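Accompanying notes for the structure given below.
There are 2 protein chains.
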Amino acid sequence: MDAKILCLGVISAGACSGYELKKTVEEDFHHFYRASYGSIYPALAELERSGLVAGEAIEQAKRPDKKVYRITDAGRAALADALAAEEPAHTARSEFLVLMYFAHLLTPDRAAQVIDTMTAHFERVMLADVDAYERRAEPLTSGQRFAVGFGRTVLNSIVEYLRRERDGLIDELIAERADQPAEDRRLAAAGD
Amino acid sequence: MDAKILCLGVISAGACSGYELKKTVEEDFHHFYRASYGSIYPALAELERSGLVAGEAIEQAKRPDKKVYRITDAGRAALADALAAEEPAHTARSEFLVLMYFAHLLTPDRAAQVIDTMTAHFERVMLADVDAYERRAEPLTSGQRFAVGFGRTVLNSIVEYLRRERDGLIDELIAERADQPAEDRRLAAAGD
DNA sequence: TGCGAGATGTATCGCATCGATATAGGCCAC
DNA sequence: GTGGCCTATATCGATGCGATACATCTCGCA
């Protein structure tokens, strides 16, 4: 997905500056989409150039001036077209799972630490974000509720899986070590 | 995570060429990590330069020559260090959820089509991959089992969520349309 | 027999994007 | 009063994806 569509979508819900747009993206999309200034500012410039948004410079007392963009009729049409044409995709990128894939190369303590770190992160950071988002003042749109419910469901099932499988995996790793202590020591020595 | 660690990890399980390495990455990591040739070949060159792998040119009859890399003792040590130091992360990137976030800008038919496409993809493509992977000839390591179990759990909960919420969301979207048909038509007309 | 499609194999290039940083004034807490 | 954070715009280097180039062999199909 082009960052332009995302910007257009956010602006369609209310005029805002690049800075404000980035904050919205962080608040609302953080769990499943990210966009940096390096994407946002060029996207806004391009959207304005092609007439899909209109930028207006706003002078602020006691604050840096800002440039607020509002969507045009052409922009609204282009957004509808883009949302109708975009093919949905969903991918994960998990250093965590790569690490776990190589669990046999980890000490049992390290494996436990990695799992515990991730469990805490999913539960105390990400699920807490979801809770806070749902308790916001403004009522959520149907789509926002769908997305947040998706996140909550996935996070819950992840946390449950990690809790369920943790001890069994650690036990397996300990047993594997016991089976091949000689080779382990040889490799450890070779590594020095 | 640096692509070098991934390459080193794969090579630690058996010497292979860049091409074979990419195939392994696709087969084993596809659901949670991807690496292109543009990452792999430079990573292999760098690993060889720093002595963590040793490359050997293999001439093949009826096939292009290839360069097979095997891990060195220094490489094994560096891999262990990297896996011990790497901080685990896990992120999603979902054009699908961005689309659903803007559900109120989609026709109910389009929303249904998007959900159905993704449901089919998660179930018939990704879960089928997981099934095939678990039924492979070679027994899985403990870490591979953990990673594949993680994937299966998440995919199952996603499919269940999509099935559970689909009709309710579509009904909501239809109701929203009924509430504001005049504005919809005005906007549609303005878009022409 | 011929021919296109696809597998094996190495390698690079353009493009988009990330994350960090530059710049700059105002706010607030200690 | 001063260090750190917020508001705000903008760019830059590095990274890595996805596509492509190039070469050769196999296999299915007509």
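Listed in order, the protein sequences are those of chains A and B.
All residue numbers for the first sequence refer to my numbering, where the first residue is 119 and numbers rise by one.
All residue numbers for the second sequence refer to my numbering, where the first residue is 119 and numbers rise by one.
Even glycine gets a Cβ: it sits at the ideal position worked out from N, Cα and C.
It should be emphasised that the depicted structure is a prediction, and the values quoted were computed from it without experimental measurement.
Query raised in the report: Per DSSP, what kind of secondary structure is residue 67 of chain B in: helix, strand or coil?
Result: Outside the displayed span of chain B (119 to 310) sits residue 67 of chain B, for which this structure offers no information.
Query raised in the report: Between residue 279 of chain A and chain B, is there a C-beta pair that is closer than 7 angstroms?
Result: Judged by the 7 angstroms Cβ criterion, residue 279 of chain A is in contact with chain B.
Report task. Give the residues of chain A in contact with residue 156 of chain B, contact being defined as C-beta atoms less than 8 angstroms apart. Result -> Simply none; closest approach about 16 angstroms.
Query raised in the report: Counting Cβ pairs closer than 8 angstroms, one from the segment 217 to 236 of chain A and one from the segment 200 to 211 of chain B, do we hit at least three?
Result: Yes: at least three Cβ pairs fall under 8 angstroms.
Query - Runs of beta strand (DSSP E) wholly within the segment 140 to 191 of chain B (minimum 3 residues, chain order) - result: Counting whole runs of 3 or more residues, the segment 140 to 191 of chain B contains the beta strand (DSSP E) stretches 171 to 176 and 184 to 189.
Report task. Anything in the segment 204 to 222 of chain A with a Cβ closer than 7 angstroms to a Cβ of chain B? List those residues in chain order, please. Result -> Flagged, chain order: 204, 206, 207, 208, 209, 210, 211, 212, 213, 214, 215, 216, 217, 218, 219, 220, 221 and 222.
Query raised in the report: Pick from A:256, A:139 and A:206: whose alpha carbon is nearest that of residue 152 of chain A?
Result: Answer by Cα proximity: A:139.
Query raised in the report: Within 7 angstroms (strictly less), CB to CB, does residue 244 of chain B reach chain A?
Result: Answer no: the Cβ-Cβ gap between residue 244 of chain B and chain A never drops below 7 angstroms.
Report task. Give a yes or no on whether the C-beta atoms belonging to residue 273 of chain B and residue 245 of chain B are separated by under 7 angstroms. Result -> Taking 7 angstroms as the Cβ cut-off, residue 273 of chain B and residue 245 of chain B qualify as a contacting pair.
**Report entry** Sequence-distant residues of its chain with Cβ nearer than 6 angstroms to residue 270 of chain A (five each side left out)
**Finding:** Excluding positions up to five away in sequence, the list reads 248.
Requested in this report: Leaving out five residues on either side along the sequence, give the residues of the same chain with a beta carbon under 7 angstroms from the beta carbon of residue 309 of chain B.
Outcome: Because the pLDDT at residue 309 of chain B is just 45, under 50, the model does not fix this residue reliably, and the value given afterwards should be weighed accordingly. For residue 309 of chain B, where only same-chain residues beyond five positions count, there are no Cβ hits under 7 angstroms.
Query raised in the report: Is the beta carbon of residue 240 of chain A less than 7 angstroms from the beta carbon of residue 215 of chain B?
Result: Not in contact: residue 240 of chain A and residue 215 of chain B (Cβ atoms no closer than 7 angstroms).
Query raised in the report: Taking 7 angstroms as the CB-CB limit, is residue 248 of chain B close to chain A?
Result: It does not; no Cβ of chain A falls within 7 angstroms.
Requested in this report: Give a yes or no on whether 7 angstroms exceeds the smallest Cβ distance from residue 228 of chain B to chain A.
Outcome: Yes, because at least one Cβ of chain A sits closer than 7 angstroms to the Cβ of residue 228 of chain B.
Requested in this report: Since I believe residue 172 of chain B is in contact with residue 187 of chain B (beta carbons under 8 angstroms), could you give me their beta-carbon distance rounded to a whole number of angstroms?
Outcome: Approximately 7 angstroms separates the beta-carbon atoms of residue 187 of chain B and residue 172 of chain B; this is inside 8 angstroms, confirming the contact.
Query raised in the report: Does the segment 159 to 175 of chain A come within contact of the segment 157 to 177 of chain B, defined as at least 3 CB pairs closer than 8 angstroms?
Result: At 8 angstroms Cβ cutoff, the stretches do not touch.
Query raised in the report: Interface residues of chain A around residue 132 of chain B at Cβ under 8 angstroms?
Result: Near residue 132 of chain B there are no residues of chain A at all, since even the closest Cβ is about 14 angstroms away, more than 8 angstroms.
Query raised in the report: In terms of residue numbering, what span does the alpha helix (DSSP H) encompassing residue 235 of chain A cover?
Result: Annotation: the continuous alpha helix (DSSP H) that includes residue 235 of chain A extends over 226 to 238.
Query raised in the report: So is residue 187 of chain A in contact with chain B if we call contact Cβ pairs under 7 angstroms?
Result: The C-beta of residue 187 of chain A comes no closer than 7 angstroms to any C-beta of chain B.
Query raised in the report: Under a Cβ-count criterion, where at least 16 other Cβ atoms within 10 Å of its own Cβ denotes burial, should residue 122 of chain B be classed as buried or exposed?
Result: With 16 or more Cβ atoms within 10 Å of its Cβ, residue 122 of chain B is classed as buried.
Requested in this report: Could you tell me whether the Cβ of residue 261 of chain A comes closer than 7 angstroms to any Cβ of chain B?
Outcome: Yes - at least one Cβ of chain B is within 7 angstroms of the one on residue 261 of chain A.
Requested in this report: Tell me, please, whether the CB atom of residue 296 of chain A is closer than 7 angstroms to any CB atom in chain B?
Outcome: Closer than 7 angstroms: no.
**Report entry** Residues near residue 192 of chain B by beta carbon distance below 8 angstroms, same chain, minus five either side
**Finding:** Within the same chain, residue 192 of chain B has close Cβ partners 169 and 170.
Query raised in the report: Roughly how many whole angstroms lie between the Cα atoms of residue 195 of chain A and residue 237 of chain A?
Result: Their backbone Cα atoms lie some 43 angstroms apart in a straight line.
Query raised in the report: What residues of chain A sit near residue 232 of chain B, judged by a beta carbon separation below 7 angstroms?
Result: The answer, in chain order, is 206.
Report task. With a 10 Å radius around its C-beta and 16 neighbouring C-beta atoms as the bar for buried, classify residue 156 of chain A as buried or exposed. Result -> Taking all protein chains in view, the Cβ of residue 156 of chain A is surrounded by fewer than 16 other Cβ atoms within 10 Å, so the residue is classified as exposed.
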